[in-house]
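Read top to bottom, the protein sequences are chains A and B.
As numbered in our numbering, residues 256 to 771 make up the first sequence, in order.
As numbered in our numbering, residues 256 to 771 make up the second sequence, in order.
C-beta: ideal position from N, C-alpha, C; glycine also.
In what follows, a structure is listed as structure tokens, so that the remarks can point back to it.
2 protein chains.
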Amino acid sequence: MNIGLIPAKTARMQPQQPALIDIPNDRRISYGELDERVRRLANGLLAGLQVEKGDRVAVLSKNCIEYMELYFACARIGLVLQPLNWRLGTAELARIIEDGEPRALAYAGDFDEVVDALGTQVTIPHWLRFGSDGTYEQLLAGASSEEPAVAASVGDHDPVLILYTGGTTGRSKGALHTHRSLFTGMVNQTVAERVQRDDVYMLTGQMFHIPVVLAMNYMAHGCPVVLINFEARLALEVIQRERVSAFLGVTTMLNWMMAVEDFDRFDLSSLRNIQYGGGPMPRKVVEAALQAFPCTIIQGYGQTEGMTMSFLSQEDHSAAVDGRHSGRLSSCGREAFMTTLRVVDGQGGDVPRDGMTPGEIIVSSEANMVGYWRQPEQTAETLRDGWLRTGDVATWDEASYVYIVDRAKDMIISGGENIFSTQVEAAIHQHPAVLESAVFGIPDDEWGEAVKAVVVLKPGMSATEAELIKAASEHLASYQKPRSVDFVDSLPKAPTGKILKRDLREPYWREHEKNV
Amino acid sequence: MNIGLIPAKTARMQPQQPALIDIPNDRRISYGELDERVRRLANGLLAGLQVEKGDRVAVLSKNCIEYMELYFACARIGLVLQPLNWRLGTAELARIIEDGEPRALAYAGDFDEVVDALGTQVTIPHWLRFGSDGTYEQLLAGASSEEPAVAASVGDHDPVLILYTGGTTGRSKGALHTHRSLFTGMVNQTVAERVQRDDVYMLTGQMFHIPVVLAMNYMAHGCPVVLINFEARLALEVIQRERVSAFLGVTTMLNWMMAVEDFDRFDLSSLRNIQYGGGPMPRKVVEAALQAFPCTIIQGYGQTEGMTMSFLSQEDHSAAVDGRHSGRLSSCGREAFMTTLRVVDGQGGDVPRDGMTPGEIIVSSEANMVGYWRQPEQTAETLRDGWLRTGDVATWDEASYVYIVDRAKDMIISGGENIFSTQVEAAIHQHPAVLESAVFGIPDDEWGEAVKAVVVLKPGMSATEAELIKAASEHLASYQKPRSVDFVDSLPKAPTGKILKRDLREPYWREHEKNV
């Protein structure tokens with residue numbers, strides 16, 4: 256399987272079929288056109304830039320058609336794409352570029368200034384600017400549209416992608432994926448989403464994050480993919496106009512979409528399935544979403560290093576809402592089709608499937624990354640005997656549903672008791688005014704750590720610290736209840752939607768030795 | 256991917272989950288029990304029979320739990336299963352056994368006499384008889400239940416299965432499959448059937464035919480598989496009792512099921528999807544099936560050599576019945592997810608996608624067999640430059656839907672005109688009394704060949720030769736209409752359900768030189 260040949264399948268069968276609908280740039284491209292441009296780009300890179308199999312090509316851009324062309328063209332001829340997170344500062348970008356040593360940097364015009372700055376800090380042989388008068392189009396215009404001969408010998412264990420991890424826990428590292436690992440992740444997604452050929456997929460995230468592979472998977476099935484830069488009302492408009500049937504949304508996205516004033520006026524009847532990630536959704540949000548969106552819902556749990564590793568299924572959601580196994584809504588489901596997942600103790604043995612004993616989630620799958628780019632020590636630490644150590648702490652039940660209790664480093668220890676912040680957050684969400692919350696430990700002279708909550712209230716609603724603590728306490732043991740609550744307008748987040756507790760926690764711990 | 260590890264996944268996650276429900280022998284086995292027996296069998300084969308990777312094990316049995324154990328145990332340790340078609344005579348069985356040179360023959364007690372006869376004709380080192388007092392159980396009882404160490408190094412390109420082709424066209428040949436080819440076929444099926452974890456699959460065919468891989472695929476998803484020896488009323492009873500959600504049925508099976516007198520009294524509400532094979536179903540049967548069975552319907556087109564190669568989807572069926580693209584009901588759909596399919600002329604170029612120009616279907620896929628066992632010449636003839644030549648003649652339309660017009664050898668040439676028997680059969684089915692039909696060419700001094708139809712009427716209905724010819728003629732060109740019609744009680748069929756036109760044609764051609 257050569258991932259770069261994905262557009263070729265539909266180009267051959269139905270060249271007129273829409274491939275990409277680029278909303279920000281108001282452009283559309285069919286599979287036939289896309290595949291021809293991908294072949295030209297591949298030939299242009301080979302001939303014009305003299306790249307060789309295994310060379311890296313970096314890209315700095317918001318979502319656009321050219322970005323997807325680069326994914327397929329590089330993959331097709333055995334190059335390794337190195338997508339850059341444009342939300343990072345120039346210094347970090349320069350560090351990542353030095354890490355990858357790309358032969359070329361492709362970029363969109365919105366990043367001219369960043370690119371100018373980078374030009375003084377890093378050495379890259381070739382710069383390819385998007386746009387009708389740019390070097391990128393010139394490369395395509397001068398290149399052959401023949402199938403590059405090398406494509407037939409690329410695939411399986413050849414590296415194809417370096418994705419830098421979100422950086423919620425220190426310096427970002429490049430997770431290296433192969434054609435095989437991406438394709439295996441795509442099969443897992445296909446099974447979980449039950450992808451259909453007449454689906455229309457909306458990519459809500461940025462293409463430098465792992466969910467881009469979900470969009471590529473829909474393209475492998477010949478479906479159109481709609482590119483947007485997410486905004487709640489825009490998403491609703493686009494679903495209606497383009498007859499979108501599937502997308503991935505973090506909980507916040509779904510909350511904002513449902514909060515759009517005239518939500519009921521949008522025709523969302525084309526929706527077939529929504530996947531959410533970034534952790535279980537509060538029960539009330541699941542119920543609201545199943546009510547608001549006329550489709551099934553699944554949850555995926557994953558990491559850049561292992562793609563989607565477990566799923567809570569369509570039936571799990573509908574059963575839970577109907578009162579059967581309703582506790583499973585706080586689970587991230589069960590291991591994916593082509594993935595083996597275990598919850599293990601410190602000695603590597605399975606913890607009991609009792610829904611109570613916490614252990615670390617470890618994962619064996621051909622969808623796992625093959626390692627961190629040029630980080631042998633971190634690779635050895637993370638991939639041990641073929642198992643990816645996720646660093647996530649969970650319990651599992653007798654049917655092997657997995658319940659994440661915390662990132663290992665997010666566990667609060669107060670008076671010798673382990674407190675899992677997700678449990679406290681779930682309790683706080685029982686109060687109807689709570690939109691989002693983050694719970695973490697702060698230094699406490701008496702107990703070691705005390706439970707702190709930071710809360711965002713829903714627009715137009717109010718609650719006091721005492722009310723929230725009281726509401727939460729009804730669902731918690733005494734030692735688990737929050738000792739204090741701060742109200743804020745928004746929570747700091749990684750681009751994936753993951754709340755950056757590190758940033759919230761840091762001011763409290765600055766003076767202390769222990770900084771978990 | 257080691258196919259033999261399939262039961263291990265669910266055994267680990269949910270050991271109590273039912274794995275096999277063996278209706279003929281009234282037994283059930285859970286995934287936990289099955290996986291332990293598979294490990295014991297694997298260790299027993301390794302230690303007790305001194306088999307080595309690549310050795311063959313033959314099996315002669317109707318569907319039963321032990322048969323599936325053999326599939327998984329042999330695969331797990333790198334052995335190659337050689338299932339035998341028990342409908343064949345002893346001489347042909349002996350020939351096939353000599354072809355495979357198995358180290359062992361496992362068999363059920365119903366075949367004692369055949370086995371005795373085989374014993375005088377072939378040399379096999381080990382004979383394993385099923386049953387509580389048999390050598391098969393003795394082997395398991397004395398063997399370790401540890402995971403065999405070799406399992407970790409088996410998979411991908413290791414051979415796993417020799418399946419002998421139906422033999423509708425001459426001496427049967429053994430199609431050799433690998434772990435990779437079976438798994439790729441399973442992914443194609445997963446996508447087409449949209450397999451769900453809570454499915455219950457009913458295996459209607461015998462385990463020496465390729466659809467056994469569909470059942471193994473459901474097991475890879477952790478679903479129970481119900482084994483039956485097909486009989487229409489039994490199938491309905493079993494669907495109701497075991498809450499079956501999916502099965503594969505050839506058109507005849509569905510016809511017989513719908514013809515069961517008190518069909519309406521069965522609770523078939525558990526059904527989610529039916530796949531049919533063996534060629535397009537007449538439009539009226541599709542309509543009746545969609546009416547009778549409360550589920551979606553798909554068609555698969557495949558061969559032992561390439562498993563399922565194309566599918567007509569759920570949506571294709573419902574759209575066609577609703578009057579959109581209704582002609583697609585006579586198509587076998589479009590290439591599968593991990594398969595490339597072309598319709599080519601004699602020079603290997605694609606024929607125009609005009610729905611009119613016939614060519615041969617050729618297929619490229621990792622699901623293809625790697626060759627015919629010990630038949631280098633036939634392999635070279637069938638697998639050319641990585642493309643499987645199917646020998647099936649088809650047209651395709653602009654959306655790449657494929658319409659099989661005939662097996663190359665089934666085309667009738669009359670007065671210099673090519674006549675495709677499937678077209679004539681479709682016309683005959685317009686008469687309401689027709690249950691099944693077979694059309695082929697017989698010698699004709701004036702025209703070369705004349706169109707002959709053999710027809711089975713529905714129970715309690717009647718029609719004359721003249722009536723049928725008249726009804727068919729309304730939908731055919733004059734040169735295509737049948738010149739004569741024979742009425743019979745049943746048509747000769749291969750175990751796959753494929754009508755054996757060879758047997759019908761043969762008496763007419765016995766005296767003639769040309770015997771297509």
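- Query: What separation, rounded to the nearest whole angstrom, lies between the Cα atoms of GLY364 of chain A and ARG384 of chain A?
  - Reply: Rounded to the nearest angstrom, the two C-alpha atoms are 7 Å apart.
- Can you give me the start and stop residues for the beta strand (DSSP E) that ARG384 of chain A sits inside? Residue range 381 to 384 is occupied by the beta strand (DSSP E) that includes ARG384 of chain A.
For this session: Please confirm if VAL442 of chain B has its CB atom under 8 Å from at least one CB of chain A.
Result: Yes, its Cβ sits closer than 8 Å to a Cβ of chain A.
query = Opposite ALA430 of chain A in the DSSP bridges: which residues?
reply = DSSP output for ALA430 of chain A lists A:LEU418 and A:TYR627 as bridge partner(s).
By the three-class DSSP mapping on this structure, what secondary structure does LYS756 of chain B have? Helix, per DSSP.
Notebook entry, point to check: Does GLU570 of chain A get closer than 8 Å to chain B when you measure Cβ to Cβ?
Noted result: For GLU570 of chain A, a Cβ of chain B is located within less than 8 Å of the residue's own Cβ.
- request: Taking ARG589 of chain A as the query, report the chain B residues whose CB atoms sit under 7 Å from its CB, ordered along the chain.
  value: For ARG589 of chain A, the chain B residues whose Cβ falls inside 7 Å of its Cβ are MET268, in order along the chain.
Which residue from B:PHE521, B:LEU348 and B:VAL442 puts its Cα closest to that of THR378 of chain B? Comparing Cα-Cα distances from THR378 of chain B to each of B:PHE521, B:LEU348 and B:VAL442, the minimum goes to B:LEU348.
Exercise. How would you label PRO414 of chain B, buried or exposed, when you count the other beta carbons within 10 angstroms and need 16 or more for buried?
Worked result: By the 10 Å Cβ count, PRO414 of chain B comes out buried.
Fill in: Partner residues on chain A for ALA649 of chain B, Cβ-Cβ distance less than 8 Å
Residues of chain A passing the Cβ test: none, with the nearest at roughly 15 Å.
What in chain A is Cβ-close to PHE592 of chain B, meaning under 8 Å?
Around PHE592 of chain B, the beta-carbon contacts reaching into chain A at under 8 Å are THR445, ALA475 and HIS476.
- Please go through the segment 526 to 575 of chain A and give each complete beta strand (DSSP E) segment of 3 or more residues, from N-terminal end onward. As far as the segment 526 to 575 of chain A is concerned, its whole beta strand (DSSP E) runs of at least 3 residues are 528 to 532, 551 to 558 and 562 to 567.
Check your understanding: With a cut-off of 8 Å, does the C-beta of ASP640 of chain B fall near any C-beta of chain A?
Key -> Nearest CB-CB separation between ASP640 of chain B and chain A: not below the 8 Å threshold.
Neighbour list for SER655 of chain A in chain B, Cβ cutoff strictly below 7 Å:
The answer, in chain order, is MET268 and GLN269.
Going along chain A in order, which residues have a C-beta closer than 9 Å to the C-beta of ASP453 of chain B? Neighbours of ASP453 of chain B across chain A, judged by C-beta separation under 9 Å: SER568 and GLU570.
Among A:VAL598, A:PHE463, A:ASP454 and A:ILE483, whose alpha-carbon lies nearest the alpha-carbon of CYS550 of chain A?
The shortest Cα separation from CYS550 of chain A among A:VAL598, A:PHE463, A:ASP454 and A:ILE483 belongs to A:ASP454.
_Checking the sheet assignment: what are the DSSP bridge partners for SER285 of chain A?_
Paired residue(s): A:PRO273.
Contact under 8 Å by Cβ, ALA398 of chain A with ILE332 of chain A: Not closer than 8 Å, so no.
Check your understanding: From PHE675 of chain A to ASP647 of chain A, what does the alpha carbon distance come to, in whole angstroms?
Key -> Taking the straight line joining both Cα atoms gives about 12 Å.
Using a cut-off of 8 Å between C-beta atoms, extract the partners of ARG449 of chain B located in chain A.
ARG449 and GLN451, listed in chain order.
Practice problem: Give a yes or no on whether the C-beta atoms belonging to TYR473 of chain A and GLY504 of chain A are separated by under 8 Å. | Solution: Cβ atoms of TYR473 of chain A and GLY504 of chain A: not closer than 8 Å.
How should MET512 of chain A be labelled, buried or exposed, when 16 other C-beta atoms within 10 angstroms of its C-beta is the threshold for buried? Counting of Cβ neighbours within 10 angstroms places MET512 of chain A among the buried residues, the total reaching 16 or more.
Is LYS748 of chain A helix, strand or coil when you go by DSSP? Strand at LYS748 of chain A.
Rounded to the nearest angstrom, what separates TRP773 of chain A and MET564 of chain A at their Cα positions? There is no way to answer for residue 773 of chain A, as the model of chain A reaches only from 256 to 771.
* CB GLU401 of chain B to CB ARG294 of chain B, shorter than 8 Å? -> Their beta carbons are under 8 Å apart, which means GLU401 of chain B touches ARG294 of chain B by this criterion.
Would you say ARG311 of chain B and GLU368 of chain B are within 8 Å of each other, going by their C-beta atoms? No, the Cβ-Cβ distance between ARG311 of chain B and GLU368 of chain B is not below 8 Å.
Contact set for LEU260 of chain B: own chain, Cβ-Cβ below 7 Å, skip 5 residues either direction
Excluding its 5 nearest sequence neighbours in each direction, LEU260 of chain B has C-beta neighbours in its own chain below 7 Å: ARG331 and ALA406, listed in chain order.
| request: Determine the burial state of GLN554 of chain B: buried for a count of at least 16 other Cβ atoms within 10 Å of its Cβ, exposed for fewer. | output: Buried, because 16 or more other Cβ atoms sit within 10 Å of the Cβ of GLN554 of chain B.
**Item:** Touching by the beta-carbon criterion (3+ pairs, under 8 Å), the segment 567 to 576 of chain A and the segment 626 to 645 of chain A
**Value:** The segment 567 to 576 of chain A is not in contact with the segment 626 to 645 of chain A.
ask   = Helix, strand or coil: which one does DSSP assign to GLY696 of chain B?
value = Assigned with DSSP and collapsed to three states, GLY696 of chain B falls in strand.
Name the two residues that bound the continuous alpha helix (DSSP H) containing THR507 of chain A.
That run of the alpha helix (DSSP H) goes 506 to 513.
Between the alpha carbons of ALA359 of chain B and CYS319 of chain B, how many angstroms are there, rounded?
Note on geometry: alpha-carbon atoms of ALA359 of chain B and CYS319 of chain B lie some 18 Å from one another.
task: Sort out for me which residues DSSP pairs TRP651 of chain A with in a bridge.
output: TRP651 of chain A has A:VAL657 as its beta-bridge partners, per DSSP.
Among A:CYS478, A:GLY309 and A:ALA361, which residue has its Cα nearest to the Cα of HIS412 of chain A? When only C-alpha atoms are compared, the closest one is A:GLY309.
Should the segment 493 to 507 of chain A be called in touch with the segment 454 to 464 of chain A, which here means at least 3 C-beta pairs below 8 Å?
-> Look at the beta carbons and you see the segment 493 to 507 of chain A touching the segment 454 to 464 of chain A: at least three pairs across the two are nearer than 8 Å.
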